[in-house]
Amino acid sequence: RRGYDAAAAQERWQRYWAEHDTFAARDDDSAERRYILDMFPYPSGDLHMGHAEAFAMGDVIARYLRLRGYDVLHPIGWDSFGLPAENAAIKRNAHPAEWTYANIETQANSFHRYGLSLDWSRRLHTSDPEYYRWTQWLFLRFFERGLAYRKASPVNWCPVDKTVLANEQVIDGHCERCGALVTKRNLTQWYFKITDYVEDLLAGLDELSGHWPERVLTMQRNWIGKSVGAWVDFAVPGRDEPIRVFTTRPDTLYGTTFLVLAPESALATELVTDDHREAFEAYLEQTKQASEIERQSTEREKTGVFTGRYATNPATGEQIPIWVADYVLADYGSGAVMAVPAHDQRDLDFARAFGLDVRMVVDTGEDDPASSGIATTGDGAYVHSGVLDGLTDKQSGVATIIERLTADGTGEAATTYRLRDWLLSRQRFWGCPIPIIHCPEHGEVPVPDDQLPVELPDLRGQDLAPRGGTDGQGPLAAATDWVNTTCPICGGPAKRDTDTMDTFVDSSWYFFRYTSPGYDRGPFDPEAVRRWMPVFQYVGGVEHAILHLLYMRFFTRVLHDMGMVDFTEPMQRLLNQGQVINQGKSMSKSLGNGVDLGEQIDRFGVDAVRLTVVFAGPPEDDIDWADVSPAGSLKFLQRAYRLAQDVASPVGADPATGDVALRRVTHGTIAQVTELIEGQRFNVAIARIMELVNAARKALDAGGGDDPAVREAAETVTIMLSLVAPYVTEEMWELLGHEPSVANADWPVADPALLVQESVTCVVQVKGKVRAKLEVTPDISDGELESLALADPNVQRALAGAEIAKIIVRAPKLVSIVPA
Ligand code: ANZ
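In terms of the UniProt record's numbering, the numbers along the sequence shown are unbroken and rise by one, the last being 839.
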């Protein structure tokens, strides 16, 4: 008898599914809809183990819901603009489009082979003009609403990639992609005004609590970084403007004994006196070497220089020295800090390093920070604090001082955010052109909608390498025929914008497009979005926890305000799958511990690889490939396959006439697996299916293949296992005498009559009064129950040593005792 032939099955069913559109969304009101989405891939090389895991998880959910009778939308596309394509193309002397689309084909073939239940008819590529036409259209709507604007500002510049980097692409002062030391440049750049939505984006996170991983919500909250406090003005003798600082602890103002400026702030350069300039310049140079994280670390030894100047503490009227130190950052708050050494550890470390005053103004009952060296941050009684003396809690302290500052005109309540507007300009070729024309007469003029898309010029055979000139212009600037155009308003000579958009713009709206891929009157059909969205389940890596998810939430809010969608959170639920690692480490070329997906599939077959990935542990945990056994998975699949082969009863045989013990296992498994899949505990669900295969095999070996209960078990296994092993289960379904596809089967329903109750509660009465409740197995004998009841301490106490006149036992629910 032949076993399961994975390679043959893969070929056969791929063809079948494609020919029958098995996984196309119907979108015909025949059933409730569910939209399941995996974060779309970036087309660099072939699929890897990371894709294998993420897409296996998403497919479990999509297939489960389909079997539950939902009309499921499970689309696929490619995030196909971006730097890596361009760099690879430059290296190989090819056009980015060639490299990109070749990789997309490779990946698409691999996705087909991987047996995912995708709706291929909705496939999109963000680098296709018919897609980016709408990216541009959306940009123009943002522009009209004042949500896309240009401003000149110092930006992070990667001298190797020769492009502007967003803050989040700078890791410890280095370019996230190439590792080069990032420098600053002054450029005029396009921004999206995401800060207009900051409060709404924050509030939305509360709504998502319980549906998104808590750590993602926390990361988003920290990224937005809301701080509530006050601005406080410190007058500087000899200067018109005061120094404004942001503080979360205005209540500690009386303890402010000096100010600290960020070394690279304009204020520092301005204020430093000639006597101190040399030391300051040297310090400024030194600062540039340290990363933002290092600078803020409390562990780090404090460094700094005195400016030679003083400011007036608005509460005490005292003159306090102004210092410069790198623990203050230039681009947060105002780049200046009021230092309260008694109640802030970094200020205290600094004060102790430079012999500055430490003045305790909140008495928390702990040791005086001046002697202990430990700043106190809790609530306490205010001391030496003028209007605050007598108060004992932070909240009233803060409110009182803000009132006072406001009345004096030396400060006001303030809220600051870490979040900055989204810098979307890139000086690169392979991205979506910004649909703006610069007219000497009319300024920034939108390209009229009916002239979209502004297509990328071909530039085949030309140098696409970033130019990196001081003008900060990208390679598009060299395409003079393309750049030189006419103003849509006056018809005079004008120039196209030569920046392209950050690829995060492309990925901020792709999920809308899937609902109506051919739509040509807008980026999506609002009716289709209403039918399918919000997305029921989004699946993807935690590396996108901050930016992608924040940006798409922002886009959705803007679309909401434009009246195009009626919700603000596009993804109801989020699953962050773990990573696939090997030997305890991330896979990498340099470690030589990479595992090749294609090679694993060649050896064990798709089903075994998918089963291994899903069975390895909870979906959000990392999988160490050194700890798993695809060979073991394949062995199990062979065992399941043989079970289907050995079923001898006819289709439709009444299971009620079969082995009740096996039926109990089958129905118990149905109930448990259903709950486990709903709770996304896929690995445990698989363990239960494996147990059912064993139980069915045992029953079969004992009673033969004719027992309809064996068929029932085998069919249950086949349907449930199809969530992770689509090929072998199609074969099994056929062996069991059914028409394909198993994807059209119904998810089994547990018969409550066959569910073994784990335990029942037995009431024990003494003289008619309930004295104890015992948890017992339903099939406990009268004798066993009687001794259990009599041994119970509460029952013994109630009997108080009395003889027993009568005892009635009704297992498993009741024991009634009458003492003499
Ligand atoms: C005085 C003070 C006293 C502060 C105290 C804290 C505790 P978050 O919560 O992160 O917003 N700060 C302000 N601007 C800064 C900058 N550019 N670089 C470094 N630190 C800066 O932090 C706000 C607090 O961080 C502010 O409140 C300020 O120190 C400091 F017992 O002011 B605080």
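We put the CB at the ideal spot given by N, CA and C, even for glycine.
Look at the alpha carbon of residue 466 and the alpha carbon of residue 745, and state the distance between them as a whole number of angstroms. 48 Å
Could you check how far apart the C-beta atoms of residue 137 and residue 212 are, in whole angstroms? I think they sit under 8 Å. With a Cβ gap of about 36 Å, residue 137 and residue 212 do not count as contacting.
Closest by C-alpha distance to residue 123, when choosing among 640, 65 and 681: 65
On the three-state DSSP scale, how would you describe residue 600? strand
State buried or exposed for residue 283, treating a residue as buried only when at least 16 other CB atoms are found within 10 Å of its CB. buried
In chain order, what residues of the same chain lie with their CB nearer than 7 Å to the CB of residue 271, ignoring the 5 residues before and after it? 359, 362, 380 and 381
Quick check: is any heavy atom of the ligand ANZ less than 6 Å from the C-beta of residue 434? no
Going by the CB atoms, is the gap between residue 423 and residue 402 shorter than 7 Å? no
Quick check on the burial criterion: 16 or more other C-beta atoms within 10 angstroms. Buried or exposed for residue 686? buried
Leaving out the 5 sequence neighbours to the left and right, which residues in its chain are closer than 7 Å to residue 683 when beta-carbon positions are compared? 773 and 775
Excluding the 5 residues flanking residue 12 on each side, which residues of the same chain have their C-beta closer than 8 Å to its C-beta? Within the shown structure, residues of the chain are numbered from 20 to 839, placing residue 12 beyond reach of any answer.
Taking contact to mean at least 3 C-beta pairs separated by less than 8 Å, is the stretch 284-299 in contact with the stretch 441-457? no
Residue of 801, 593, 799 and 654 minimising C-alpha distance to residue 234: 593
Using 8 Å for Cβ pairs, my map puts residue 242 next to residue 438. What's the rounded Cβ distance? 7 Å
Say yes only if the C-beta of residue 407 is nearer than 6 Å to one or more non-hydrogen atoms of the ligand ANZ, and no if none qualify. no
Should residue 356 be listed as close to the ligand ANZ, given that the test is whether its C-beta is under 6 Å from any heavy atom? yes
Using 10 angstroms around the beta-carbon of residue 35, count the other beta-carbons present and answer buried if the total reaches 16, otherwise exposed. exposed
Using only CA atoms, which one of 22, 91, 742 and 680 lies nearest to residue 718? 680
Straight-line CA distance for residue 737 to residue 752? 7 Å
Would you say residue 530 touches the ligand ANZ, meaning its beta carbon is less than 6 Å from a heavy atom? no
So what does DSSP say about residue 806, is it helix, strand or coil? helix
What are the complete alpha helix (DSSP H) segments, minimum 4 residues, inside the stretch 553-631? 566-580 and 616-623
Give the DSSP bridge partners of residue 280, in chain order. 343 and 355
Presumed contact (8 Å Cβ cut-off) between residue 589 and residue 571, rounded CB distance: 6 Å
Rounded straight-line distance, which links the Cα of residue 74 to that of residue 95: 10 Å
What are the residues that DSSP puts in a beta bridge with residue 135? None, per the DSSP bridge assignment.
Would the beta-carbon of residue 660 fall within 7 Å of that of residue 785? no
Can you give me the Cβ contacts of residue 219 inside the same chain, cut-off strictly under 8 Å, excluding the 5 residues immediately before and after it? 576 and 587
With hydrogens ignored, establish whether the beta-carbon of residue 363 is closer than 6 Å to any heavy atom of the ligand ANZ. yes
Return the CA-CA distance between residue 144 and residue 102, expressed in angstroms with no decimal places. 16 Å
Kindly indicate which residue of 450, 274, 814 and 41 has the alpha-carbon position closest to the one of residue 782. 814
Grab me the residues of residue 468's own chain with a C-beta within less than 8 Å of its C-beta, minus the 5 sequence neighbours each way, in chain order. 156 and 159
Nonlocal neighbours in the same chain, by C-beta distance under 7 Å from residue 387, ignoring five residues either side: 379
Is residue 352 near the ligand ANZ, judged by its Cβ being under 6 Å from some heavy atom? yes
What did DSSP end up calling residue 698 once you bin it into helix, strand or coil? coil
How would you call residue 581, buried or exposed, if buried means at least 16 neighbouring beta carbons within 10 angstroms? exposed
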